[in-house]
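The structure appears right after this line, and notes come after that.
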Amino acid sequence: MQVYLPIAEMSLDVFLLLGLGGAIGFLSGMFGVGGGFLLTPMLIFIGVPPAVAVATQANQVVASSVSGVLAHWSRGNVDFRMGLVLLAGGMLGSTAGVFLFGILKQVGQIDLVIALAYVVLLAFIGVTMLQESIRALLRRRRTKGPARKLHQHTWVHGLPFKMRFRKSRLYISALLPIAVGFFVGILAALMGVGGAFLMVPAMIYLLGMPTTVVVGTSLFQIIFVAINVTLLHSVENQTVDAVLGLILVLGGVVGAQIGGRLGGRLKGDQLRVLLALIVFIVGAGLAYELVAVPDEIYSIAPLGIPL
Amino acid sequence: MSAIAPGNRGDGRRVFVAAILLVLLLVPTPMLRAAPLVADLSNHLIAITTDFTGTDVLLFGAVDGPGDVVVVVRGPVTDVAVRRKGRIAGVWVNRDSVEFVSVPSFYAVASTRPLDEVMDEATRRRHTIGLDTLQFALMPGSDVDETDEFRAALERIKMRQLLYWPNPIEVNFLGDTLFRTDIWFPSNVPIGSYVIEVLLVRDGAVVSAQTTPLVISKIGIGADVFEWAHRQSLLYGLATVAMALLAGWIAHLVFRRI
Numbered sequence: 001m002q003v004y005l006p007i008a009e010m011s012l013d014v015f016l017l018l019g020l021g022g023a024i025g026f027l028s029g030m031f032g033v034g035g036g037f038l039l040t041p042m043l044i045f046i047g048v049p050p051a052v053a054v055a056t057q058a059n060q061v062v063a064s065s066v067s068g069v070l071a072h073w074s075r076g077n078v079d080f081r082m083g084l085v086l087l088a089g090g091m092l093g094s095t096a097g098v099f100l101f102g103i104l105k106q107v108g109q110i111d112l113v114i115a116l117a118y119v120v121l122l123a124f125i126g127v128t129m130l131q132e133s134i135r136a137l138l139r140r141r142r143t144k145g146p147a148r149k150l151h152q153h154t155w156v157h158g159l160p161f162k163m164r165f166r167k168s169r170l171y172i173s174a175l176l177p178i179a180v181g182f183f184v185g186i187l188a189a190l191m192g193v194g195g196a197f198l199m200v201p202a203m204i205y206l207l208g209m210p211t212t213v214v215v216g217t218s219l220f221q222i223i224f225v226a227i228n229v230t231l232l233h234s235v236e237n238q239t240v241d242a243v244l245g246l247i248l249v250l251g252g253v254v255g256a257q258i259g260g261r262l263g264g265r266l267k268g269d270q271l272r273v274l275l276a277l278i279v280f281i282v283g284a285g286l287a288y289e290l291v292a293v294p295d296e297i298y299s300i301a302p303l304g305i306p307l
Numbered sequence: 308m309s310a311i312a313p314g315n316r317g318d319g320r321r322v323f324v325a326a327i328l329l330v331l332l333l334v335p336t337p338m339l340r341a342a343p344l345v346a347d348l349s350n351h352l353i354a355i356t357t358d359f360t361g362t363d364v365l366l367f368g369a370v371d372g373p374g375d376v377v378v379v380v381r382g383p384v385t386d387v388a389v390r391r392k393g394r395i396a397g398v399w400v401n402r403d404s405v406e407f408v409s410v411p412s413f414y415a416v417a418s419t420r421p422l423d424e425v426m427d428e429a430t431r432r433r434h435t436i437g438l439d440t441l442q443f444a445l446m447p448g449s450d451v452d453e454t455d456e457f458r459a460a461l462e463r464i465k466m467r468q469l470l471y472w473p474n475p476i477e478v479n480f481l482g483d484t485l486f487r488t489d490i491w492f493p494s495n496v497p498i499g500s501y502v503i504e505v506l507l508v509r510d511g512a513v514v515s516a517q518t519t520p521l522v523i524s525k526i527g528i529g530a531d532v533f534e535w536a537h538r539q540s541l542l543y544g545l546a547t548v549a550m551a552l553l554a555g556w557i558a559h560l561v562f563r564r565i
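If you're matching them up, the sequences are chains A and B in order.
According to our numbering, the stretch in the first sequence is residues 1 to 307, in order.
According to our numbering, the stretch in the second sequence is residues 308 to 565, in order.
Right, dumping it as C-alpha cells:
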C-alpha cells in the first residue's frame, strides 16, 4: 500500500517503512543503541531526500530518548547538573548546525555533506564495535583484562571555570562538557542522530564520569537537543515529515520491544559483531555511491514553489 | 477558477457580460454558429491525496470538420537550478550550477499526427508547440559556458521524471468530429495551476483555439500537513515534537508493563 509523504513529496510503500522502522527498532532494542545512524542512511537509500531524512530522524530521536530517559530517571541515574551544562553546549551546537544545514542546502552541497559525514561516522562506529566485541570475545577466553585507572590527571584538569558535579563525583571545568555538547549538537543537526555513540565515550574517557549515570544523563540532554533540532529544521528548512515520522515511530516501538526481549536471551558479543557488520555494509554502500560514476552527473532543484 | 466573484467585483462582471452580449449582437450571424472547436477535461482538479500514485486525465472534445487537433499542457513555472557533478579527490561533488528562469514544471504535447505534418516550423514556434520551442532564460549572473548542456540535462531529467513529454501523445478521433486523448500525471507532479491549450489546425494554420485550466493541488491530510509545515512552521514543529514525546512516553509505559 503506497502512502504519500507530504514533505518528502513522494509515495512510498507503508509496509516497507513500517518494516524499516521495525528492523532498526529491533536492533536498537537489542543493542541499546539509538538506531538513527542506521535509519537515516536507509531512508536515503530508498529515495527519501537526505534533508528530509535527517530532520525527520531528529524527531524520532526525541521519541526514543524519552522512553529511555524515563527508565533511567526512575532509577536515579541522571546527573541533571552535568546534563544542563552539556545541554548548553548542545543547544549552541545544534542551532549552529541547523543554520549550516540551511546554507549547505541552498548551495546544493547538503546531500554530499550528509553522505560524507555518514561514511566517516559509520566507519568509526563499525571499527569501535568490532574492536569492542573482539576484545570481549578474547577476554572471555583469558578472563583477565587490563585494569583501567580510575582517575588520571591530564591537561583537561587545568582548564578554568571549574564546576562541581556531585552526582558524577567530579570537579572539572565547565568548558569541557560544553565543548562535547557543542560538537555532538552539530552532528545532531547535520545528521539527525542523537549522538550517544560519541557522547557516551566522551563522557567516560574525556570527562571521567561514572558509567552508571552516563547513559541517563546523555539521554536527558539529547531529548532537548533533538527537540531544538526538530523545531529549527521545521522553521528554517521545512524538512520534517510528520507522516513519515509517525509510520517510523510505530514500526520502531514494536521492533524495539521485540528486540529488547530477544536481546536478553541471545549472546551479546556475537550479535555485536553482526551489528558491526551491518554498520560496515551500510557505510560501504554510502561510500560507493559517493565515488562510483553516477548515471547522471546533472541534477535539478526548483528554487521556490512553482507558481 | 471559481465562478463566484465576491462583493464589488460583481458589478465589473456584469458590465463585462453586457459588453460581450453587445459584441455578439453586432457581429454577423455566421459567427454565432457552433464553435469550430469545443474541448473539456474529465476532471479540472487533480487531488493529490495520501494514496496518490499518478493519474490519467481525459481530454475530449469535438470539431466542426476535418483538421488536426494539437494539445499543449503547461505546468506552473518556477526557477530551476541545474547542477553538474565533478570529481574532487575521487568523490563526486556538485561543482557547476546554472539557473534558469521561468521553467515550466510540466510540459506535454498531444497531436493527431506528427507535428511536422500538421504545421510548418514557423507556426509551431509561434505557438511554442514542442520542447525545442521553449525559451529558458538564464538567471543573471550565470558564468558557465556550456549552458546548452545544462539545458539538455534539465530536459532529460524532466523527461525521466515523466514531467516533460518529448514526443506528442496521440490524440484519437472517434468518427469525424469527436476526439479524445489521455494525459498522464505521475505521482511526483508539481502542484499548481496548469493551462491546457487545444488548437484546431487546418492546412497548416491554427483556425481555432481553446484553453482549459487544470488545478493540481494537495487535498486531505497530506495537503494539510504540507500547508501547515510551510505556513505555520513553528506550530508544526511543536506538534511533531509533542507527537514524538507522547510516543516515547507511551512506549515507556508499555515497556514497563510487559
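Backbone N, C-alpha and C define an ideal beta-carbon position, used for all residues, glycine too.
The structure displayed is predicted, hence computed values, not measured ones.
Residue range Leu485 to Phe492 is occupied by the beta strand (DSSP E) that includes Ile490 (chain B). Leu231 (chain A) has its alpha-carbon roughly 26 Å from the corresponding atom of Val120 (chain A). If you draw a straight line from the Cα of Glu456 (chain B) to the Cα of Leu438 (chain B), it is about 15 Å long.
In the DSSP secondary-structure assignment, Thr518 (chain B) is bridged to B:Glu504.
What Ser64 (chain A) touches in chain B, judged by beta-carbon distance under 7 Å, is Gly555, going in chain order. Close partners of Met42 (chain A) in chain B (Cβ separation under 7 Å) are lacking, with about 19 Å as the shortest Cβ gap. Following the DSSP letters along the chain, one finds Asn59 (chain A) in no beta strand (DSSP E) but inside the alpha helix (DSSP H) bounded by residues Pro50 to Ser74.
For Thr385 (chain B), the enclosing beta strand (DSSP E) stretches over residues Val384 to Ile395. Residue pairing of Met163 (chain A) in beta bridges, as defined by DSSP: A:Ile172. Residue environment for Leu553 (chain B): exposed (fewer than 16 other C-beta atoms within 10 angstroms of its C-beta).
The segment 16-34 of chain A and the segment 517-526 of chain B do not touch, with fewer than 3 CB-CB distances between them shorter than 8 Å.
Val184 (chain A) sits in a helix when the DSSP states are folded into three classes.
At the C-beta level, Val61 (chain A) and Thr239 (chain A) stay beyond 7 Å of one another. Within the DSSP secondary-structure output, Pro411 (chain B) pairs in a beta bridge with B:Val384. Chain A has no Cβ within less than 7 Å of the Cβ of Phe492 (chain B). Cβ-Cβ distances below 6 Å link Thr217 (chain A) to Val78, Asp79, Met82 and Gly83 in the same chain, with the five nearest sequence neighbours on each side left out; the list follows chain order. Straight-line measurement puts the Cα of Leu290 (chain A) at about 26 Å from the Cα of Leu27 (chain A).
Per DSSP, Ser218 (chain A) is one residue of the alpha helix (DSSP H) stretching across Thr211 to Glu236. Sequence-distant Cβ neighbours of Ser500 (chain B) in its own chain, meaning closer than 7 Å and more than five residues away, are Pro383, Pro520 and Val522. For Val240 (chain A), a Cβ of chain B is located within less than 7 Å of the residue's own Cβ.
Residue environment for Met203 (chain A): buried (at least 16 other C-beta atoms within 10 angstroms of its C-beta). Under the 10 Å beta carbon count, Pro411 (chain B) is surrounded by 16 or more other beta carbons and is classified as buried.
Short of 6 Å from the beta carbon of Phe182 (chain A), and not among the five residues preceding or following it, lie these beta carbons of its own chain, in chain order: Gly89, Leu92 and Gly93.
Bounds of the alpha helix (DSSP H) holding Phe99 (chain A) are Phe80 to Gln106. Residue-level contact check: His434 (chain B) does not touch chain A, since none of the beta carbons of chain A fall below 7 Å from its beta carbon.
The DSSP-derived three-state label of Gln270 (chain A) is helix. Remark: C-beta atoms of Leu219 (chain A) and Val69 (chain A) approach each other more closely than 7 Å. In the DSSP assignment, Trp399 (chain B) forms a beta bridge with B:Arg394. Around the CB of Gln221 (chain A), 16 or more other CB atoms lie within 10 Å, so the residue is classed as buried.
DSSP, reduced to helix, strand and coil, places Met426 (chain B) outside both helices and strands of the structure shown, so it counts as coil.
Taking Leu20 (chain A) as reference, the option from A:Ile297, A:Val85, A:Leu248 and A:Pro294 with the minimal CA-CA separation is A:Leu248.
In summary, Pro302 (chain A) is exposed, with fewer than 16 beta-carbon neighbours lying within 10 Å of its beta-carbon over all protein chains present. The three-state reading of DSSP puts Ala292 (chain A) in coil, since its state is none of H, G, I, E or B.
Contact annotation for Asp358 (chain B) against chain A: Met1, Gln2, Val3, Tyr4 and Ser11 [CB-CB distance below 9 Å, chain order]. Residues of the segment 386-403 of chain B with a C-beta less than 9 Å from any C-beta of chain A: Asp386, Val387, Ala388, Val389, Arg390, Arg391, Lys392, Gly393, Arg394, Gly397, Val398, Trp399, Val400 and Asn401, listed in chain order.
In its chain, beyond the 5 residues on either side, Leu20 have a beta carbon closer than 6 Å to the beta carbon of Met42 (chain A).
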